[in-house]
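Notes for the one structure printed next.
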Amino acid sequence: METNSLFNRKYVVQGLFIVIGLILLGTLFYIQVYSDKYFLSAKSNVLRKIYTFPARGVILDRHEKVLVQNEPVYDLMAIPNDVKPFDTIELCRIIDVDTARFGKNLRKARRLSRYQPGIIEKQLSVEIYQALSEQLSRFPGFFVQSRTIRQYPDSIGSHFVGYIKEVTQKEIDRSEGYYRSGDYIGKSGVERAYETVLRGERGVVNMLYDVHNVPQGSYAEGKFDTAAVSGEQLISSLDAGLQKMGEELMRNKIGSIVAIEPATGEILAFVSSPSYDPNLMVGRQQGNNYMELLKNPNRVFNIRPIQGYYSPGSAFKPLDALIGLQEGVIDENTTFNCPGYFKVGNHITKCEHVDGNIALRRGLARSCNTYACYVFQKLLTQRKYKNQKIAYDDWRNKVKLWGLGDTLGVDLPSERMGRLYDAAYYSKKYSKYWGYGTVISLAIGQGEMDATPLQMANIMAVIANRGYYIKPHLIKAIGQKHVIRKEYVRKNYVGVDARHFNPVIDGMQEAVNSPWGTAIQSRIPDILMCGKTGTVQNSRGKNHSVFIGFAPRDNPKIALAVIVENAGYGSAYAAPIASYMAEKYLKDSIGGYRKAQVEWMKKQVVLPPPPKAKGKPLIKPADSTVLKTEQALPALNSPVKPEQQPKITSRNEHSAQ
Amino acid sequence: MNTQHNNRFFFKVDWITILVYVLLCTVGFVNIYASVPSNSEQGALFDFGANYGKQLIFIVTGLILGFSILLLDAKFFSIFSPVVYGITLVLLVLVLVIGRNVGGNQAWIAIGSFRLQPSELAKVGTALLLARYVSTFNPKFRDSRSILTAALIVGIPLFLILRQPDAGSALVFLSFMFPMYREGLSGYFLLTFLGMIVLFVADFLVPSNVLIPVILMIGGFFVYSNRRKQKIMFSAIITTIVAIAYLFMVKFAYNNILKQHHRSRIEIILGLKTDPKGVGYNVIQSKIAIGSGQLTGRGFLQGTQTKYGYVPEQSTDFIFSTIGEEWGFVGCFVVIGLFIFLLLRLINMAERQRSSFSRVYGYSVACILFFHVFINIGMAIGIVPVIGIPLPFISYGGSSLWSFTVLLFIFLKLDSNRMGFI
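First to last, the protein sequences are chains A and B.
Each residue of the first sequence is one higher than the one before, starting from 7 at the first, in this note's numbering.
Each residue of the second sequence is one higher than the one before, starting from 2 at the first, in this note's numbering.
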């Protein structure tokens with residue numbers, strides 16, 4: 007009955023079972039063990055990261071007064087799939103956007119995901135939020151998510167604080183996964199320099215979702231969840247009152263004020279003018295306001311204290327003399343004759359005065375160019391050098407110790423180096439035929455030498471400290487523990503002995519306090535201010551008015567550099583402004599008759615004529631912040647009334663008396 | 002006397018098969034328990050309102066049913082096979098009239114809260130009658146008459162099931178080709194079916210203007226190489242013509258007879274179309290769940306895809322995705338290993354029968370189970386189109402569990418009685 011061949015068919019059937027079994031197992035092996043594609047898909051199926059945003063760190067001034075704080079704003083979100091037909095016009099009216107924009111945002115959100123919340127309108131103000139929250143139940147699928155934006159109670163220090171903005175794709179890529187689209191990042195100023203400290207840590211909750219997109223609790227019992235950690239607070243070295251007065255004094259002028267506490271290197275005032283209200287750079291109008299500010303011909307976003315290039319001018323002379331003293335080419339009694347000029351070869355450097363025989367103290371007090379040139383000549387023609395080129399490089403290195411010709415390392419981004427060339431540069435430019443006479447302008451801080459206002463103020467800090475400086479910085483303490491970076495407590499010596507400083511300081515004291523001084527407008531009642539004026543020639547119109555100095559003479563508390571562009575003599579604007587600043591800081595207020603002078607100074611307009619009037623600049627205030635109108639937009643009221651121009655000249659005549 | 006008889010009898014029952022059966026039922030229960038959606042928390046083990054509680058009842062009643070079958074006289078099945086077959090045919094007709102339509106298929110007869118699926122019973126009836134036919138007439142399936150008779154026995158329930166229309170269950174009836182093959186049906190029949198499947202797939206993947214010349218060339222080669230043997234040459238010509246005609250028929254049937262959801266499923270399985278949100282969703286989610294199990298699985302009740310309902314029909318047709326996710330490749334290996342072991346053992350048992358009735362029935366049981374296992378798991382891992390048939394002993398559902406139990410235990414009874422006469 008059962009032939010052998012039919013019995014063998016058992017093996018065909020069993021063989022088929024085994025082959026199919028192996029095919030199934032092989033496929034399973036590929037899906038489960040070999041490929042991790044499905045494992046990853048499973049993860050993205052169920053796991054969503056929900057982020058909670060930390061509040062950004064607060065920034066305080068040196069007396070712990072708030073400079074930058076946070077203010078709640080509200081993003082209108084929607085889950086497109088949950089949105090039911092609703093009164094679009096009414097909703098648009100409440101949140102104050104046009105329906106076209108609203109529709110576009112809603113469609114965009116729907117395109118990104120039908121089930122995930124998408125942002126419909128960003129940064130609604132508290133007022134709009136209140137109006138909206140009453141009505142929100144009428145708009146199913148919409149909800150509001152709160153986050154914080156920056157707010158600046160005093161509207162000061164815009165260049166110092168900088169601003170934050172949504173991250174760009176480039177920054178997201180560079181951050182290796184930290185930033186996500188829609189996050190904010192510091193773009194300039196302290197916000198950028200201390201981004202990692204200020205931003206805090208984003209909190210994350212790993213949530214599991216079921217197939218209907220309903221949350222099902224946290225993943226692994228929250229083992230991988232983190233709470234949002236607020237950013238650390240920063241205590242800045244700024245004195246809010248001083249900063250505010252500085253900004254007011256510089257209103258309608260171009261230039262900067264830098265004040266440093268010499269003993270610590272802490273920057274007390276950091277004024278860059280023209281400035282803007284930092285509150286303009288937050289909120290929904292940020293983009294528009296930014297574009298408007300960019301239109302200002304005087305370049306509002308230049309951070310002049312660390313980016314402006316000015317010849318130091320006469321302000322450089324004390325440094326010159328100090329190197330001379332240290333090198334021993336002069337002593338405090340060395341006398342040179344000033345016929346009203348200094349001649350080397352065919353080149354004549356003019357001097358403002360004919361001072362006759364002149365020594366160190368009076369040379370500085372009178373800001374004698376001839377004296378400075380003689381010192382420079384002596385320095386570069388010392389016997390110990392094989393040639394003047396080597397002597398020059400040696401001199402340059404000594405100058406560089408003072409922080410010139412290189413960045414000082416202030417804690418702000420985009421600091422510029424200034425300009426101080428080496429011998430090789432001149433050898434290239436003049437071939438080998440050059441000597442001290444070729445670069446004699448450097449002796450009086452002119453020519454191919456530029457310094458930032460911060461570098462100039464730092465020179466004063468060195469002199470005030472009698473021989474060293476601490477790197478100037480704007481943040482004196484980070485976080486609750488008041489950490490300070492190590493580099494901001496280290497003393498940097500400039501290689502000049504303390505004993506050489508006294509005669510130079512005498513000269514600077516006389517410049518301010520003696521009848522023959524050039525900086526007598528910077529005198530402060532009851533306080534010995536030491537300083538130097540500079541009247542810096544420049545190619546762009548009138549001379550810049552410069553003053554550098556420190557006060558009081560003994561145990562100095564403040565070192566200053568004030569630059570007012572195109573304002574003429576140093577004594578005209580820079581010197582009085584410096585004196586008000588110092589007085590305000592040292593006495594906490596301006597006394598008596600000088601109060602009126604301060605008010606007068608605040609009203610002065612020293613601006614280059616506007617290039618071409620391009621209509622009225624139109625700035626909408628950030629609608630999420632209340633503008634302090636009294637202080638609003640110094641730079642933006644800039645169009646100069648022609649009748650104010652003559653006043654400046656008259657003032658110049660007045661101050662020259 | 003009677004008890005002694007029973008004792009002797011129970012020793013002859015193949016307990017190893019019963020052990021495998023119980024293991025597979027347990028795997029089913031555990032994984033149905035895990036497949037309960039998370040929003041209704043896993044409660045008490047004996048919550049008879051939940052699927053897993055019901056399945057426990059099905060398993061227990063299934064065991065009672067199975068052991069009752071073992072108590073019946075072995076001759077009963079042979080004698081009453083035409084009656085059983087007749088009843089299933091009546092039920093299959095009845096379901097077309099009064100059946101409940103669930104998910105597009107009119108496959109269920111509701112009796113109170115209990116739902117009966119006649120197509121499941123039809124497998125038992127058909128297997129019994131086919132075995133009876135072979136044992137009575139001893140056909141060798143060499144003549145067209147015996148082949149047609151067998152085809153009729155299988156074809157009538159198959160046709161009725163296609164009317165529901167339940168293509169999956171109907172497909173299972175093709176498994177009766179294997180017992181016929183064992184009894185003498187030419188292997189060419191199996192090869193023809195294999196060829197039809199290959200041509201069917203090729204028809205979709207290769208454009209006609211390439212496929213037809215290729216078939217002509219292959220046919221031409223056979224015709225040329227056998228030009229001296231007229232008979233073979235002739236059949237080669239016929240085969241070529243039939244193959245090409247078949248291609249056109251497939252195209253025609255595909256475009257005019259199949260419904261859109263059939264077409265979509267075929268296109269997705271052949272990789273012609275991707276549709277992650279539509280028909281392909283089941284397969285993609287099932288593959289994700291299985292793939293996420295990796296080597297050792299996420300652990301019992303730890304499968305996120307399972308827990309949060311990402312795989313549709315998880316406790317029934319896609320129960321294998323739960324096994325794959327929570328127990329990993331190791332779990333899959335064990336389950337498939339158990340099935341293959343069971344199938345091979347059933348074939349071996351069938352071969353040790355003295356009566357051809359038992360042998361044919363044993364082959365039928367093994368091959369029906371094989372079709373179910375292959376199609377169900379193959380569908381869960383995306384190598385077979387989505388055809389909704391249950392995984393034997395594991396998928397949730399009383400009707401399927403009981404019919405598989407009955408199917409298996411009848412054979413165990415026959416096997417225990419293998420020395421006797423039927």
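The beta carbon of each residue, even a glycine, is placed where N, CA and C say it ideally should be.
Residue(s) in a DSSP beta bridge with residue i
i	result
residue 455 of chain A	A:426
residue 122 of chain A	Bridge partners of residue 122 of chain A: none, in fact.
residue 350 of chain A	A:353
residue 66 of chain A	A:72 and A:241
residue 78 of chain A	A:154
residue 664 of chain A	The displayed coordinates of chain A run from 7 to 663. Any statement about residue 664 of chain A would go beyond what the structure contains.
residue 54 of chain A	A:213
Any C-beta of chain A under 8 Å from that of residue i
i	result
residue 183 of chain B	yes
residue 124 of chain B	no
residue 352 of chain B	yes
residue 41 of chain B	Any reading at residue 41 of chain B needs caution, since the residue's pLDDT is 49, under 50, leaving its predicted position unreliable; the model's value is listed next. Output row for residue 41 of chain B: interface = no.
residue 302 of chain B	no
residue 194 of chain B	no
Per-residue DSSP class, three states only, for residue i
i	result
residue 276 of chain A	strand
residue 420 of chain B	coil
residue 161 of chain A	coil
residue 342 of chain A	strand
residue 213 of chain A	strand
residue 4 of chain A	Lying before the first or after the last residue shown, residue 4 of chain A is absent from chain A, which here runs from 7 to 663.
residue 20 of chain A	helix
residue 567 of chain A	strand
residue 143 of chain A	helix
residue 209 of chain B	helix
residue 193 of chain B	helix
residue 302 of chain A	coil
residue 232 of chain A	strand
residue 223 of chain A	strand
residue 73 of chain B	coil
residue 184 of chain B	coil
residue 359 of chain A	coil
Partners in chain B for residue i, counting only beta-carbon separations shorter than 8 Å
i	result
residue 192 of chain A	Per Cβ cutoff of 8 Å: no residues; residue 192 of chain A is ~38 Å from chain B at best.
residue 224 of chain A	Simply none; closest approach about 12 Å.
residue 43 of chain A	292
Short CB-CB distance (under 8 Å) between residue i and chain B
i	result
residue 15 of chain A	yes
residue 121 of chain A	no
residue 87 of chain A	no
residue 21 of chain A	no
residue 230 of chain A	no
residue 642 of chain A	Bear in mind that a pLDDT of 40 at residue 642 of chain A, under 50, signals an unreliable position, so the model cannot answer this.
residue 168 of chain A	no
residue 12 of chain A	yes
residue 48 of chain A	yes
residue 56 of chain A	no
Where residue i meets chain A, residues with beta-carbon distance less than 8 Å
i	result
residue 294 of chain B	38
Neighbouring residues, chain B, relative to residue i (Cβ below 7 Å)
i	result
residue 106 of chain A	Those within 7 Å of residue 106 of chain A in chain B number zero; the least Cβ separation is about 30 Å.
Proximal chain A residues relative to residue i, where beta-carbon distance stays under 9 Å
i	result
residue 307 of chain B	Under the 9 Å cutoff, chain A gives no residues; its nearest Cβ is about 10 Å from residue 307 of chain B.
residue 87 of chain B	Those do not exist, as residue 87 of chain B stays about 29 Å from chain A at its closest Cβ, beyond 9 Å.
residue 325 of chain B	34, 37 and 38
Proximal chain C residues relative to residue i, where beta-carbon distance stays under 8 Å
i	result
residue 330 of chain B	Chain labels in this structure do not include chain C; the protein chains are A and B.
7 Å Cβ cut-off: residues of chain A touching residue i
i	result
residue 169 of chain B	Per Cβ cutoff of 7 Å: no residues; residue 169 of chain B is ~17 Å from chain A at best.
Contact list for residue i against chain B, beta-carbon separation under 9 Å
i	result
residue 82 of chain A	Within chain B, no residue comes near residue 82 of chain A; the closest Cβ sits about 28 Å away, beyond 9 Å.
Beta strand (DSSP E) runs wholly inside the region 448-516 of chain A, at least 3 long, in chain order: 474-476, 481-484 and 497-499
Segments assigned beta strand (DSSP E), at least 3 residues, entirely inside the region 111-141 of chain B: 115-117
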